[in-house]
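Student:
In our numbering, the protein residues as written are 1285 to 1496.
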């Protein structure tokens, strides 16, 4: 069994030292033999596009991934949940030291995952509600709430390409990768998705918001 300590760090050296200190304090076997992986990617980047994805991919059943805090995995509850679910499927233990969370397949850890799943769903619902509230406010002020896909005078390079994008989102492909495949910037994709979700909510359609 192998232990990998993952550090998501800023340019601040004190931040890296703090994370190392927190993790080392729980290593009963000492720091020897532990693989340390430092990652300077932004926390806003999906975990699938950061070094921790490689750590999980290389991990075998029974291995352990340690982080100082659960937020080092991802900033959103949905992001954390998808990582933990992927780790559980591989039989990999995740230990968030300062957060006091140990997910090792035990009953208590399964309860934690269940709670996180509920929190992730609440997070999605809140996002939908905020979007709907913004739309209602625009309607009240007599402002437009969108346009038809593929309409004349396109303002976004992705207009008319929803049928290409939706399957990729459902397959949980990272948005950075989707943007690359479509030949646009990540910001262009985000702008298009904001409008796509808004239009569907305005029409009363069910919308599945993919946060990561």
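Think of the CB as a built atom: it goes at the ideal place given N, C-alpha and C, for glycine as much as any other residue. Small disclaimer: the values here were computed from a predicted structure and weren't measured.
Rounded to the nearest angstrom, what separates residue 1480 and residue 1441 at their Cα positions?
Tutor: Their backbone Cα atoms lie some 13 Å apart in a straight line.
Student: Helix, strand or coil for residue 1438 per DSSP?
Tutor: Because residue 1438 sits at a pLDDT of 48, beneath the cut-off of 50, its placement in the model cannot be relied upon, and the point is left open.
Student: For the segment 1316 to 1327 against the segment 1380 to 1387, are there 3 or more C-beta pairs whose distance is under 8 Å?
Tutor: Touching, no, given that fewer than three Cβ pairs across the two stretches are closer than 8 Å.
Student: Is it buried or exposed for residue 1342, if we count other Cβ within 10 angstroms and need 16 for buried?
Tutor: Flag for residue 1342 reads exposed.
Student: For the candidate residues 1445, 1448, 1393, 1352, whose alpha-carbon lies nearest to that of residue 1375?
Tutor: Ranking the options by Cα distance to residue 1375, first place goes to 1393.
Student: Roughly how many angstroms lie between the CA atoms of residue 1443 and residue 1478, to the nearest whole one?
Tutor: Those two C-alpha atoms are separated by around 12 Å.
Student: When the Cα of residue 1371 is compared with those of 1383, 1381, 1382, 1357, which residue comes out closest?
Tutor: Residue 1371 has its Cα closest to that of 1357, out of 1383, 1381, 1382, 1357.
Student: Quick one: residues in its chain with C-beta nearer than 7 Å to the C-beta of residue 1462, no 5 flanking neighbours on either side, listed in chain order?
Tutor: The answer, listed in chain order, is 1449, 1452, 1473.
Student: Does the beta-carbon of residue 1420 have 16 or more other beta-carbons within 10 angstroms, so that it is buried, or is it exposed?
Tutor: That one is exposed.
Student: In this structure, does DSSP put residue 1378 in helix, strand or coil?
Tutor: Of the three classes helix, strand and coil, the one that applies to residue 1378 here is strand, per DSSP.
Student: Can you tell me whether residue 1363 is buried or exposed, with buried defined as 16 or more other CB within 10 angstroms of its CB?
Tutor: Answer is buried; the Cβ neighbour count reaches 16.
Student: Leaving aside the five residues before and after residue 1397 along the sequence, list all residues of the same chain whose C-beta is less than 8 Å from its C-beta, in chain order.
Tutor: Counting only Cβ-Cβ distances below 8 Å, and skipping sequence neighbours, we find 1365, 1368, 1369, 1372, 1387.
Student: Look up residue 1348 in the DSSP assignment and give the residues it is bridged to.
Tutor: Beta-bridge pairing links residue 1348 to 1287, 1377.
Student: Give the straight-line distance between the Cα atoms of residue 1348 and residue 1286, rounded to the nearest whole angstrom.
Tutor: Looking at the two C-alpha atoms, the distance is approximately 6 Å.
Student: Quick one: Cα of residue 1290 to Cα of residue 1345, how far?
Tutor: When rounded, the distance between both Cα atoms is 17 Å.
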